[in-house]
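Peer 1: Can you read through this structure? Questions will come right after.
Chains as they are written, first to last, in my numbering: chain A, 2 to 300; chain B, 2 to 300; chain C, 2 to 300; chain D, 2 to 300; chain E, 2 to 300; chain F, 2 to 300.
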């Protein structure tokens, strides 16, 4: 069994062979060439990004969301500095000077972690979401400078007028992120305000979001700085690696101890992630995407 | 009366004339040409950076220290990212992964503000100082993830071994900052650790610190990233301007209402800042620096 | 020695006689008839409201300020209810609905206590003051939903636009409270907003404030509800009595143990409060107010 | 589709017609006349107060409970003032004087919100409930001045002796609130103590509770002030309206987008609330109450 | 029906008779003699320690875990004192001196309660667990001086090097506690460090743990103090009794009101705890342990 | 210069000689033999326990008070266990069971530290003091489960009735601790309640207090457990040593750098602690105690 973080590179393909089990992020549905090459090797492929937990969550993805949520604030704070193009405000203000307003679209894992750090910065934080129970929980556990708002288009636009920093944190599993901030909305924002769109890997919450890189992380549209780095957690590799290992470890251990079929037999969520077995495609989603034949995996 | 933030530029010198009072940061002792030019204009000059409060504090400088202290953490967090040269750790970690260690040398205004923000980031924070009463106060008002340590060379070196982020926050009024981190100490630190030396305007707490700019903020020595931007608060000009105005306003109002002599007559700390009166030098420090004659100001 | 809370009523005057010491709130300067009547009785009168502490504070008045500050929020919350004339908002909102904005003019004893309770209500609280050190201390010890602003006319007017509840908490010892909210400013406020003017006993912070009573506590000007009950702490007599006793007890004990002259001999602040001795006026302020002769008290 | 807050008034009945869907609070089981009149109009009626969430909760009622819980403390604080009939104590006391004791019967939505605000007032708060897991959660998220007690008759009576303010917050869905405080128990309480019975809409937790109005909110029994205003949230209409809209919006949107049958087909909790369809009664409860025929709604 | 805390003593056996129901901790599987004697009496026995709650928890055992978790820290603090054999450190340190490190193996009920108290002591606390969701919840509700780590052998050994106090808090229901600290690991620990093994009733998390008593609570192995008192909660009998009563009360009331069969008919978790009925064994576990015949209980 | 913690033992006396400076705790006034022996050696003796800070505090004693205050709670918690003789209550209770009441006499350094730890234990804490400003500060920085009460005999007796744990924390510098708890008062307390008298080194706050040792720390009077260990900090020697070094270091460094006279010339508080110079007694207190001649030290 081989455990990796990212999908195998073309150089590595020839090294793979039947009998091996590969546990890593594959994102097969986005790469037909990779899918075909791997099928030919005959390996058993378990796509960690699709493993489901007992509550329907994605345990191998959650830590990346936590990291991205927390990082979004440190990037936002930095790019609000004037030499970085921002409007020159300090998130927490100082005694006698008001703090900045941080508006977080989405109160899930990304949003909660962003709100915690923004609150720790002493900013004035609002989290928007449509799930009332989630808002209640956030009010139970967040510091007093985090307020929650029920999200609708009217409220979003109202908050854009006040926002110094906007965090796009609405991710819908297996779907494009909803377009909550339109191009026309940017004119409501203060010049030099910053958008950090954590949902960029799924297309972004802002219509004007397009993926950037750590080496060239921002661009400006209508006076608003956009930070849309894909794979944000890559920048804190040390933290991310530990977090990933923690998430993967229980699965890896069970697979190693018991073999793929036994390990999957009482864990539907793991079985769901088995994408190839001995060179046969077992993922319905991948099969449908590339119109390929498939055979459901039976643990 | 003219109120500014920074010293007058050469272009502005011809516009000044006897009878005017100028209240701004002058830093005359660092600029003989400026001093002479201003003496010739015949203005009355009040150097805001030298106004003293009733407790011996510097009320027009304190907000800049607060801002620099808070900014030091957002810069530190950013430059700990690997693409910025850092060791790739997230200050607060995530559940299951330990937070980074932030070591703050000095528990004064800069250090307290740095500690607050670092704690808000969920880092593991230690503040070192030699003033036991200050450490007690910090423990009374800081979050539980801030610990305090009595500072001595042994403890500093011990903490360098653990530090992911080191904040140099020891400033001694009117003197060079003490050299608390020697070049040889850098080898104790983790590769990719970051030093943010807020004391850089006074020479820095680290032997290896030299001033940098917002456009080129960091350099690396022995594997340790140094962020030593002079005038950090300039990057958050909106916040800094409000903070400065707040600090200056009470003085400006009193000077405007009552004139320089009356305003200074019952405020020694303000009188102390009167550096020139009608073209005569009244600051002993400046006079001694440039071996010029002076006449003490009598309110 | 007789210890009371309020000044003696006319019915009680005949009962007083030379040799007695009366320790109570007198407010002599506001009542010439009382002053003359008491001088005739020959008592020694110590006006507790004028006793000074070692830091220049007024230890027998401070607890009343604490109580009034805390009560101001419960009254404000109540009169924001629509049946009471208010705009029908709940201070803390609920999850998904934003909290109300509470603006507190003054960060002294009254303001700090008001801010604590308003923050506990989960409101969005700002405290305005001109004392930067006080604002710093408040940020150290207040919950995260309290922000501080440097107070000037511009900022006050800006905050009036946002305020649901305004607390007038600026008291200057021995002087009329400054008029910080003018009649014309009321038009900036939301209809149904509430002003609680704790400074009413000294004339009020709002131009439109005039004293009201617990039985008829509010009136409306330009759509803004005014709550200006004089002697607010009277409504929580149980709490107030204990608080007053606590404040008075050390003085009463010392006076009882050692007699007036000895007790005052090493406590200038207490000596200052001795207003009559054996039928002679010893308070300069009272003497000047009524153009009466006086004899300084020598402990 | 028509969306309202309260049931249609008789004047509005003639305006309703077949084909319309009305989404509002109906409380049909309490009003036979209304039920019959509406059946004749032929409308489809969805009783928002009976919509069930996925966890068996009542999402359109919960925000009203939150508001009532929070308001109960501000009313309690106010009526503890002596001019309002109370015993003259300030909930939080002041330094040196003990806080008041607030006893909250029930740790559900109402009780939790009451406890949060009472704790923010710095009172000494106890919450009684019989659900051990709920008590554990409350201890996890409440401030340190909230204690929890397992509720039984002995403990309730013990706490009545200590209580300055008692909040009745035990509501059992679809049933009369249990009578936890008997008339004879009032004699245990301090004279001037206050009972705020939030459960009054369901008959009240106190035997002596009877509904009052915002214009005449309290009465006194055996020396204990009773505040039993029905529909407390009506007094903060601005906050309540937003809260209700937030709760109703997701249902309204789904009904509008998809029509009643489709919207209900995958949401049993919504289907459950459909009380009439095209003039036929579909609510078993209402049918049984008035002995009328009914036809279950099939989405 | 008889309700007790502990199993009946031999002296009490003759007093029991058919028709009685006994609700208490029995631990029958550990005592064949007791089992046989009770069968002969003909009683109905409900073993409270095996009652299951709706979430699969053990509601009559949970309060004992809470108490043991909290007590573990006060015992650890005490035995870290040098006269008790410990290394002479104060858990929270003092300003200027670092706090002690408390390492808690397991983040369940015991671990959470231990962490809360250790954090309140101002120690530097880490909780290790393999359940990522549990670690997330702990970070939501614990003070900032509690960090969480994903538990594996490498991390445990690393933390042993740093630990002043180790709490063994890993309990697996109905199984031996896992051996997480081996004898060889003790050499990693500081001399005078303390292990409090709360899991001792299930064999202990440390290989070197063996049960001790309140009268002779500790022993030392390889320089490490072991505190392994079985039945820790017995030492705070007043608190434990109330806690037990709270947990048992709802069951006892239902049994008393409705009789055993009816009370069990809609509560599988209670039915599960019925170990004997009228002298017949109904517990499969006990039957298997002693190879005795049994008859499942049907409510 | 020799720096120690405790006074030199007789064995060490012959090793001392003129020219040496000894900086340690001496407590000379309690030991005439030691005083005479040291005078003969000709050393210069600086009694660290009498060094005064700029605010009149005792900087070398304060850390010991902090340690003793914190330890008092862990000892109290332990001896409340029934096997230790206590009444069997857990300080923090558990959810559903009320916490214990901790009554702290005195809100100085000892009391504040005791209150912090007791609050961290989740106990119900009250601090009694007569200094209103101190009580206000404590309310600003203590957790919400700490209340403050103005101390008088009536309130003390009232609290004794409620107390599970009483901490005697009233120390008056250079004087016997006041007797606040009389023998007759013990009958008010619950049987098995615990008194930890931190003031024992100065005679104790309780009439029934007499010094005990770490090996035999408690005794019982009238059913109340007394823990009166003299030199409590000795039990956490590791923490105490660091704390003492921190406190002494600045003085030691200054003495070493500049010599005794120069170091004392601008530090009256240090000069005050110079008890012998070159064999001449310079401490007035010691001289008066033993009727010996002395010569004031002039820096």
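Backbone N, C-alpha and C fix where the C-beta goes; we use that ideal spot for every residue, glycine too.
Bear in mind that the values here come from a model prediction, so they are computed numbers and not experimental data.
In the DSSP assignment, find the alpha helix (DSSP H) that holds residue 249 of chain A and state where it starts and stops.
Peer 2: Counting from 1 along the first chain, the entry for residue 249 of chain A is found at position 248. Segment 238-259, the alpha helix (DSSP H) holding residue 249 of chain A.
Peer 1: With residue 25 of chain C as the anchor, note down where its beta strand (DSSP E) starts and where it stops.
Peer 2: Sequence index remark: in the third chain, residue 25 of chain C carries index 24 (1-based). First-last of the beta strand (DSSP E) with residue 25 of chain C: 22-25.
Peer 1: Check the Cβ of residue 133 of chain F against every Cβ in chain C and list those closer than 8 Å, keeping chain order.
Peer 2: As a position in the sixth chain, residue 133 of chain F is number 132, starting the count at 1. Within 8 Å Cβ-Cβ: 60, 63, 64, 247 and 248.
Peer 1: Once DSSP output is grouped into helix, strand and coil, what is the label at residue 272 of chain C?
Peer 2: Residue 272 of chain C sits at position 271 when you count from the first residue of the third chain. Here residue 272 of chain C sits in helix by DSSP.
Peer 1: When the distance is taken between beta carbons, is residue 157 of chain C closer than 8 Å to residue 77 of chain C?
Peer 2: As a working note, residue 77 of chain C is residue 76 in the third chain. As a working note, residue 157 of chain C is residue 156 in the third chain. No.
Peer 1: Within 8 Å of any Cβ in chain F, is that where the Cβ of residue 104 of chain C sits?
Peer 2: The count along the third chain starts at 1 and reaches residue 104 of chain C at position 103. Chain F contact via Cβ: absent.
Peer 1: Measuring straight from C-alpha to C-alpha, what distance separates residue 132 of chain A and residue 103 of chain C?
Peer 2: The sequence position of residue 132 of chain A within the first chain is 131, counting from 1. The sequence position of residue 103 of chain C within the third chain is 102, counting from 1. Spanning the two alpha carbons is a distance of roughly 28 Å.
Peer 1: Are residue 193 of chain C and residue 87 of chain C close, meaning C-beta to C-beta below 8 Å?
Peer 2: Position 192 of the third chain, counted from the first residue, corresponds to residue 193 of chain C. Position 86 of the third chain, counted from the first residue, corresponds to residue 87 of chain C. In contact: residue 193 of chain C and residue 87 of chain C (Cβ atoms closer than 8 Å).
Peer 1: Are the CB atoms of residue 98 of chain B and residue 148 of chain A nearer to each other than 8 Å?
Peer 2: The residue labelled residue 98 of chain B in the question sits at position 97 within the second chain. The residue labelled residue 148 of chain A in the question sits at position 147 within the first chain. In this structure, residue 148 of chain A does not lie closer than 8 Å to residue 98 of chain B by Cβ.
Peer 1: Using DSSP's beta-bridge definition, name the partner residues of residue 168 of chain A.
Peer 2: Here the question's residue 168 of chain A lines up with position 167 in the first chain. Answer by DSSP bridge pairing, in chain order: A:105 and A:197.
Peer 1: Specify the secondary structure class of residue 125 of chain D as computed by DSSP and reduced to three states.
Peer 2: Here residue 125 of chain D is taken as the residue at index 124 of the fourth chain, counted from 1. Of the three classes helix, strand and coil, the one that applies to residue 125 of chain D here is strand, per DSSP.
Peer 1: Distance check for residue 182 of chain A and residue 259 of chain E, CA to CA, integer angstroms please.
Peer 2: Here residue 259 of chain E refers to the residue found at position 258 when the fifth chain is read from its first residue. Here residue 182 of chain A refers to the residue found at position 181 when the first chain is read from its first residue. Approximately 60 Å, taken between the alpha carbons.
Peer 1: Interface residues of chain D around residue 149 of chain F at Cβ under 8 Å?
Peer 2: By one-based count along the sixth chain, residue 149 of chain F stands at place 148. Within 8 Å Cβ-Cβ: 96 and 97.
Peer 1: Tell me whether the segment 212-220 of chain D and the segment 62-73 of chain D touch, counting them as touching only if at least three CB pairs, one residue from each stretch, are closer than 8 Å.
Peer 2: Taking 8 Å as the limit for Cβ pairs, the verdict is that the segment 62-73 of chain D does not touch the segment 212-220 of chain D.
Peer 1: What in chain B is Cβ-close to residue 81 of chain E, meaning under 8 Å?
Peer 2: Here residue 81 of chain E corresponds to residue number 80 of the fifth chain, with the count starting at 1. Going along chain B, no residue has its Cβ under 8 Å from residue 81 of chain E, so there is no contact; the nearest lies around 18 Å.
Peer 1: How would you list, in chain order, the residues of chain G whose beta-carbon sits under 9 Å from the beta-carbon of residue 123 of chain D?
Peer 2: In the displayed structure, chain G is absent; the protein chains listed are A, B, C, D, E and F.
Peer 1: Could you check if residue 241 of chain D is buried or exposed, using at least 16 other CB atoms within 10 Å of its CB as the buried criterion?
Peer 2: Numbered from 1 along the fourth chain, position 240 holds the residue referred to as residue 241 of chain D. Buried, because 16 or more other Cβ atoms sit within 10 Å of the Cβ of residue 241 of chain D.
Peer 1: Bridge partners of residue 130 of chain B, per DSSP?
Peer 2: The residue given as residue 130 of chain B occupies position 129 in the second chain. B:151, per the DSSP bridge assignment.
Peer 1: Mind pulling the chain D residues with CB within less than 9 Å of residue 159 of chain C?
Peer 2: Here residue 159 of chain C refers to the residue found at position 158 of the third chain. In chain order: nothing, as chain D lies at least about 22 Å away.
Peer 1: Can you tell me whether DSSP reads residue 183 of chain A as helix, strand or coil?
Peer 2: Within the first chain, the letter at position 182 stands for residue 183 of chain A. DSSP places residue 183 of chain A in coil when its eight states are reduced to three.
Peer 1: In angstroms, rounded to a whole number, what distance separates the CA positions of residue 139 of chain F and residue 96 of chain D?
Peer 2: Position 138 of the sixth chain, counted from the start, is the residue given in the question as residue 139 of chain F. Position 95 of the fourth chain, counted from the start, is the residue given in the question as residue 96 of chain D. Approximately 9 Å, taken between the alpha carbons.
Peer 1: Can you pull the chain E neighbours of residue 215 of chain F, defined as C-beta to C-beta under 7 Å?
Peer 2: Reading the sixth chain from its first residue, position 214 is the one you call residue 215 of chain F. Residues of chain E passing the Cβ test: 84.
Peer 1: Hey, out of C:28, C:225 and C:206, whose CA is closest to residue 6 of chain C's CA?
Peer 2: Against the third chain, residue 6 of chain C aligns to sequence position 5. Taking only the C-alpha atoms, the option nearest residue 6 of chain C is C:28.
Peer 1: Just the C-alpha distance for residue 122 of chain D and residue 275 of chain E, rounded to the nearest angstrom, thanks.
Peer 2: If you number the fourth chain from 1, residue 122 of chain D lands on position 121. If you number the fifth chain from 1, residue 275 of chain E lands on position 274. When rounded, the distance between both Cα atoms is 47 Å.
Peer 1: Does the segment 34-42 of chain D come within contact of the segment 249-264 of chain D, defined as at least 3 CB pairs closer than 8 Å?
Peer 2: Flag = no, the segment 34-42 of chain D and the segment 249-264 of chain D do not touch.
Peer 1: Taking a cut of 9 Å between CB atoms, which residues from the segment 67-80 of chain A lie near chain C?
Peer 2: Those would be none; no residue qualifies.
Peer 1: Taking the straight line between their C-alpha atoms, what separation do you get for residue 141 of chain E and residue 84 of chain A?
Peer 2: Start at 1 with the first residue of the fifth chain, and residue 141 of chain E comes out as number 140. Start at 1 with the first residue of the first chain, and residue 84 of chain A comes out as number 83. Whole-angstrom Cα-Cα distance: 35 Å.
Peer 1: Name the residue from F:199, F:145 and F:207 whose alpha carbon lies nearest to the alpha carbon of residue 187 of chain F.
Peer 2: Within the sixth chain, numbered from 1, the residue matching residue 187 of chain F stands at position 186. Among F:199, F:145 and F:207, the Cα nearest to that of residue 187 of chain F is on F:207.
Peer 1: Residue 171 of chain B and residue 196 of chain B look like a contact to me (Cβ under 8 Å); what is the Cβ gap, rounded to whole Å?
Peer 2: In the second chain, the residue the question calls residue 171 of chain B occupies position 170. In the second chain, the residue the question calls residue 196 of chain B occupies position 195. Between residue 196 of chain B and residue 171 of chain B the Cβ distance is about 13 Å, and since that is not below 8 Å, they are no contact.
Peer 1: In its own chain, which residues sit with a C-beta less than 6 Å from the C-beta of residue 4 of chain C, not counting the 5 before and 5 after it?
Peer 2: In the third chain, counting from the first residue as 1, residue 4 of chain C sits at position 3. Here the set comprises 24 and 253.
Peer 1: Please work out which residues of its chain come closer than 6 Å, Cβ to Cβ, to residue 291 of chain F, disregarding the five sequence neighbours upstream and downstream, and give them in chain order.
Peer 2: One-based indexing of the sixth chain puts residue 291 of chain F at position 290. Answer for residue 291 of chain F: 33, listed in chain order.
Peer 1: Return the CA-CA distance between residue 12 of chain F and residue 38 of chain F, expressed in angstroms with no decimal places.
Peer 2: Working through the sixth chain from its first residue, we reach residue 12 of chain F at position 11. Working through the sixth chain from its first residue, we reach residue 38 of chain F at position 37. Using only the alpha carbons, I get a separation of about 11 Å.
Peer 1: So which residues of chain F does residue 153 of chain B contact, with C-beta pairs closer than 7 Å?
Peer 2: Locating residue 153 of chain B in the second chain gives position 152, counting from the first residue. In chain order: 250.
Peer 1: Determine the burial state of residue 116 of chain F: buried for a count of at least 16 other Cβ atoms within 10 Å of its Cβ, exposed for fewer.
Peer 2: Position 115 of the sixth chain, counted from the start, is the residue given in the question as residue 116 of chain F. The residue is buried, with at least 16 neighbouring Cβ atoms inside 10 Å.
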